Amino acid sequence: MISTNLLAVFYLISGVLFILALRGLSSPETSRRGNLYGIIGMALAIGVTILSVGNFSYGFLYLIIFLAIGGSIGAFIAFKIPMTAMPELVAGFHSLVGLAAVFVAISAFLNPTVFNLGIPGAIKIASLIEMSLGAAIGAITFTGSIIAFLKLRGIMSGSPIIFFGQHYLNLLLGILLVILIFYLCKTQTDIWFWTIVVISLLVGVLLIIPIGGADMPVVISMLNSYSGWAAAGIGFTLENSALIITGALVGSSGAILSYIMCKGMNRSFLNVILGGWGAEQSSSSTSSKEQKPVKNGNADDAAFLMKNASSVIIVPGYGMAVAQAQHALREMVDALKKNGVKVSYAIHPVAGRMPGHMNVLLAEANVPYDEVFELEEINNDFANCDVAYVIGANDVTNPVAKSDPKSPIFGMPVLDVEKSKSVLFVKRSLSPGYAGIDNDLFYRDNTLMLFADAKKMTEEIVKNL
């Protein structure tokens, strides 16, 4: 059995490795190294935890069995899951982190002597506060992540579900949770603890259902932050430095990322925390396809325009992910470069269904990092661009975000694709994007719609080039 002091040292080392992992993941060039640090840190933490159990016992046997089951399921999912389903996978994993925090809090409350927290009915006040917060945040994360998963998976509508007084109800439930935690610390009665868990589960649902589909990337980041704080809270209860460090890292980085994305989308961070921002749908956003015709094109037209262009900007979106067109896109870009065409990639902060979704897909196709630019870096270049090739991006290119105050995406910075001399828009149909509104870009005079599967259309363009 490993000593307590040595256990703390190994946990500290794993915490340092997690910090290095987070630092490495901040840049595409160092992301592989960051992943390696994270793997080593987690392997060390798990290995030390197994050794801390001591001699062979039923507890040790259960630990090995559940570790094998969980590891096998995780490995199977990691190998099988397509990149298009990564956002809902992340949401699903967040729910498991939240549920684990709830289970640990329940175990600590029912068996405080095992965790050196006191005896039933006389648990240390600090420990009660920590386990209450861990259970509450974990329960909110659990049900909130399930709702996010259902929305992203298409099982539940991506449209916001709102009812009168929803914000006030969330506020009242939040105040009620604080009161319940106070009474739990005062009386240490079981009923207060279970009431905290039940109400927190309800709050998780009410926070996420009013959030529309276009705002899901921020929701994923926010739930990531919640799961971290839940883990940190339980870490204090268990006096586990590795959980505290890891939870604080995940919680703080998720909160910072959520804030950055809110600023990038011109949203209020406070409204994200309370739930329900971006929930109003415009009843006046009528479909333009009844009023204006669209220009249809084909692979020949697209190849001709791009071959004779001096500069092309690629705008990838969720449609590219669905069609798995990133490799065909890379072939098209290579062909254009041989013809002397300058090619760049424009990435919107919330393109896809989660932060960095498009960056990961392009990295998978070995797209050079110096050709990929964020919105702020490249938006001014569209005015001098000959051709913008939009492959599956919808809401992030919609000009109504700048012109229609009644639109649910009004105020969100979008890529100025319409300023290009020619726009090639690859899409299966004129259906609206995940935000549920029509894209005015479809009907612009300089837009040529390429109705087809993104991968097939790009491959046809490659042949013509």
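Heads up: the sequence shown begins at 21 in our numbering, then just goes up one per residue. Even glycine gets a Cβ: it sits at the ideal position worked out from N, Cα and C. Since the structure is predicted, the reported quantities are computational estimates derived from the model, not experimental observations.
The segment 428–446 / the segment 386–406 touching (three or more Cβ pairs under 8 Å)
yes
C-alpha distance - ILE265 paired with HIS368, whole-angstrom precision:
31 Å
Taking 7 Å as the limit between beta carbons, can you name the residues of its chain near VAL387, skipping five residues before and five after?
ARG350, TYR365
Enumerate in chain order the residues of its own chain whose CB-to-CB distance from ALA474 is below 7 Å, with the five nearest sequence positions on each side excluded.
GLY339, MET340, ALA343, ALA345, ILE411, GLY412, VAL446
In whole angstroms, what is the alpha-carbon distance linking SER115 and PHE38?
21 Å
Nearest candidate by alpha-carbon position, reference GLY35, set SER427, LEU485, ALA268:
ALA268
Excluding sequence positions up to five away, which residues of its chain have a Cβ less than 7 Å from the Cβ of MET281?
PRO237, VAL238, SER241, PRO369, VAL370, PRO375
Using the Cβ count rule (16 or more neighbours within 10 Å means buried), how would you classify ALA251?
buried
If I follow the unbroken alpha helix (DSSP H) through THR257, where does it start and stop?
236–258
Exposure of LEU245, with buried meaning 16 or more beta-carbon neighbours within 10 Å
In the sequence under discussion, the amino acid at residue 245 is Ser, which differs from the Leu named in the question. Answer is buried; the Cβ neighbour count reaches 16.
State yes or no: is the C-beta of ALA125 within less than 7 Å of the C-beta of MET106?
no
Report the rounded CA-to-CA distance for SER127 versus LEU196, giving the unit in angstroms.
23 Å
Helix, strand or coil: which one does DSSP assign to ILE139?
strand
Per-residue burial, SER442 [other beta carbons within 10 Å of its own, 16 or more giving buried]
buried
Could you round the C-beta distance between PRO102 and ASN379 to whole angstroms and report it? I think they count as a contact, below 8 Å.
Contact doesn't hold; Cβ gap of about 17 Å is too wide.
Can you grab the Cα-Cα spacing for the pair TYR389 / ILE149, in whole Å?
46 Å
Does the ligand COA have even one heavy atom less than 6 Å from the beta-carbon of ILE101?
By its list of ligands, the structure shown contains no ligand whatsoever, and the ligand COA lies outside what it can speak to.
Between which two residues does the beta strand (DSSP E) holding GLU150 run?
Taken as a continuous stretch (DSSP letters only), GLU150 belongs to no beta strand (DSSP E), being part of the alpha helix (DSSP H) at 145–173.
On the criterion of 16 or more Cβ atoms from any shown chain inside 10 Å, does MET228 qualify as buried, or is it exposed?
Per the sequence shown, residue 228 should be read as Ile rather than Met. It is buried - the Cβ of ILE228 has at least 16 other Cβ atoms within 10 Å.
Counted within 10 angstroms of its Cβ, other Cβ atoms place LEU258 as buried (16 or more) or exposed:
buried
How big is the Cα-Cα spacing for VAL110 and ILE97?
11 Å
Residue closest to ILE276, alpha-carbon to alpha-carbon, out of LEU26, GLY138, LEU42
LEU42
If you drop the 5 nearest sequence neighbours on each side, which residues of the same chain put their C-beta closer than 8 Å to that of LEU64?
PHE30, ILE33, SER34, LEU37
May I ask you to list the residues that DSSP assigns as paired with VAL392?
TYR365
Between ALA462 and PHE213, what straight-line distance do the alpha-carbon atoms span, to the nearest angstrom?
Before going on, a small fix: residue 462 reads as Phe here, not Ala. Rounded to the nearest angstrom, the two C-alpha atoms are 54 Å apart.
Going by beta-carbon coordinates alone, are ALA142 and VAL217 separated by less than 7 Å?
no
Are SER330 and CYS405 touching if we call contact CB-CB under 7 Å?
no
Which parts of the segment 336–361 are runs of the beta strand (DSSP E), unbroken and 3 residues or longer, counting only runs that do not cross its ends?
none
Option nearest THR163 by Cα separation, candidates LEU222, LEU470, GLN208
LEU222
Please state the DSSP three-state secondary structure of MET469.
strand
With distance defined between alpha-carbon atoms, name the residue in GLN208, PHE184, THR161 nearest to ALA146.
GLN208
Beta-carbon separation (whole angstroms), ASP465 vs ASN418, contact threshold 8 Å
Contact flag wrong, Cβ pair sits at about 17 Å.
What's the C-alpha gap between ILE93 and VAL117?
15 Å
Could you name the residues of the same chain whose beta carbon sits closer than 7 Å to that of GLU300, not counting the 5 residues immediately before and after it, in chain order?
Bear in mind that the predicted position of GLU300 carries a pLDDT of just 45, short of 50, making it too unreliable to give a figure here.
Can you tell which of GLU391, PRO452, ALA385 has the C-alpha that lies nearest to the C-alpha of VAL416?
PRO452
Within 10 Å of its beta-carbon, does GLU108 have 16 or more other beta-carbons around it, so buried, or fewer, so exposed?
buried
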